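Reviewing the structure listed below.
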Amino acid sequence: MTAEAPAIDRFDTIVVGAGVAGLTAARLLARVGRRVAVLEARDRVGGRVWTDRTGGEATDLGASWIHGITDSPVAAAAAAFGMPMVEFTVGGYQPDSRPIAYYGPDGKRLAGAAAQQFADDIHTADATLVEVVASSEPYASYRDVTEAALSRQGWDDQRAQRVREYFEHRSEEQYGAWIDDLAAHGLDDDSIDGDEVVFPDGYDRLPERLAEGLDIRLAHVVSRVAWSSDGVVVATNRGDYAADTAVVTVPVGVLQSSEFAIDPPLPEPVAGALSRLRMNAFEKVFLRFRTKFWDDSVYAVRQQGPEGRWWHSWYDLTALHGTPTLLTFAAGPAAVETRSWDESAVVDSVLAQLRRLYGDRVEQPSRVDITAWQDDPFARGSYAFMTVGSATSDHDDLATPIGGVLHLAGEATWTDDPATVTAALCSGHRAAENVSGREVPIELLWAD
């Protein structure tokens, strides 16, 4: 007698990935009556929303901010779930949205008039930049358009160089990409509606609440998603699962890897859009100290000049827990170069720049946290960015339904505000509506 093949669990919908996008899609689909299973490679939910609570203080190693709470569904969900929020508005990487201590190339703090002139120069160049980007060629880089904007100002070399550095740092800090590698339209979404907030108790409370009541299979590493008119079969390290439809929410870096296959391969326009996006190099460096040695009453400290090539911005997170804390970023080339460094080498490099500004007052940190998203096999970077040659439409094209059975979602698939938790949540909502073929109120996410 021939042994029968083991039965495959079958569902209405399989969701691959228990980050915010996947949990949103699964929760909404479950609430409209579909039988849903979520397959998650990690041993936790949240994906790139990940909070460490070592020592009793929450440290968000992944997403930290809601960048603009006005009309934000993430803010609405956080409020409904009772998540404490602290206003921390730095305006993305804007020059003067809140008090910022600027230090010149000589390591001296800029006086009020000089700092204001610098901020005014950035606003002037940005106004020109809007026009330049709008008329840019398809293969223009962010470097190309910023240089064109600077050339129109008639400034001397030093004045232009300070703003040029700022554009470079903004490209890195907003998208973890070197300015020559980012598409001209790569920062089209760089706008903030309302205050920005952070979460003193940790951002992971959001995915934890979204996950409540769902059928989530942790430690299920998906290697293949096969789709046809009959539905989907998802292969994992713990067996196969079948469903009528699937929502795949893995990051762009995983979609592009050889360890994750979609069969048949993605069609156009999805494949083309995916080929023009890349995962970035962007890591956080948290430094906790026993005493606060930096400027009072500022949200951020920034230095200009060649010494600020890597470490140019520090954000004061002391207000979150009362512990003197600075956050800086290894972004773009700095993240690539320091990827293999041990913690002490990174800390020494950061402190060397702080000592330029504050001298012997700078002490050794009492605790350090450094992320490593580039080395995470289930992320392969922090978030996606538009490479030269891409268009803003690539985000939405990536979410084009495939064969009536397969749907992609996640931060990279949302045009209006990509690379954010808001984008992830909104893309999951869209996927749920596409799968169910009906309007699904987003408020069902947090309704009792």
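Position one of the sequence shown corresponds to residue 0 (numbering that gives the first Met the number 0), numbered consecutively onward.
Quick reminder that beta carbons are idealized off the backbone N, C-alpha and C, glycines included.
In this text the structure is predicted, and so the values were computed from the model without any measurement.
| query | result |
| --- | --- |
| Identity of the residue in G403, Y298, L217 nearest Y92 by Cα | Y298 |
| Separation of W226 from T1, as counted between CA atoms | Low confidence applies here, because T1 scores a pLDDT of 39, under 50, leaving its location unreliable; read the following figure in that light. Straight-line Cα distance between these residues: approximately 28 Å. |
| For A182: DSSP bridge partner residues | S140 |
| Close Cβ partners of A241 (< 6 Å) along its chain, the five nearest in sequence each way excluded | I7, R9, V232 |
| Continuous beta strand (DSSP E) stretch holding E282: start and end | 281-287 |
| CB-CB length for A260 against R223, believed under 8 Å | 5 Å |
| Length at least 3, wholly inside the region 27-84: the beta strand (DSSP E) runs in chain order | 35-38 |
| K283 classed as buried or exposed, judged by whether at least 16 other C-beta atoms fall within 10 angstroms | buried |
| CA nearest to the CA of K291, picked from A133, G45, F377, L353 | L353 |
| Below-9 Å beta-carbon distance, A330 vs any chain B residue | Chain labels in this structure do not include chain B; a single protein chain is all it has. |
| Cα-Cα separation between D187 and G238, rounded to whole angstroms | 42 Å |
| For W372, the three-state DSSP class (helix, strand or coil) | helix |
| Enclosing alpha helix (DSSP H) for S222 [first to last residue] | That residue, S222, is in no alpha helix (DSSP H); its beta strand (DSSP E) goes 221-227. |
| contact_flag[the region 116-131, the region 93-104] where n(CB pairs < 8 Å) is 3 or more | yes |
| Straight-line gap, L405 to E336 (C-alpha atoms, nearest Å) | 38 Å |
| Between the CA atoms of G388 and R289 - distance to the nearest angstrom | 47 Å |
| Neighbour-count burial assignment, E3, 16 or more Cβ in a 10 Å radius | For E3, the pLDDT reaches just 46, beneath the cut-off of 50, and the residue's location in the model is therefore unreliable, leaving the point undetermined. |
| Range of the contiguous beta strand (DSSP E) that encloses Q302 | 299-302 |
| For G111, three-class secondary structure by DSSP | helix |
| Cβ-based burial, G212 [other Cβ within 10 Å; buried from 16] | exposed |
| As assigned by DSSP and simplified to three states, the class of S312 | strand |
| Length at least 4, wholly inside the region 395-419: the alpha helix (DSSP H) runs in chain order | none |
| A218 versus V44, A423, L128, residue with shortest Cα-Cα distance | V44 |
| Own chain partners of I13 with C-beta closer than 6 Å, once the 5 adjacent residues on each side are dropped | A36, V233, Y240, A242, A245 |
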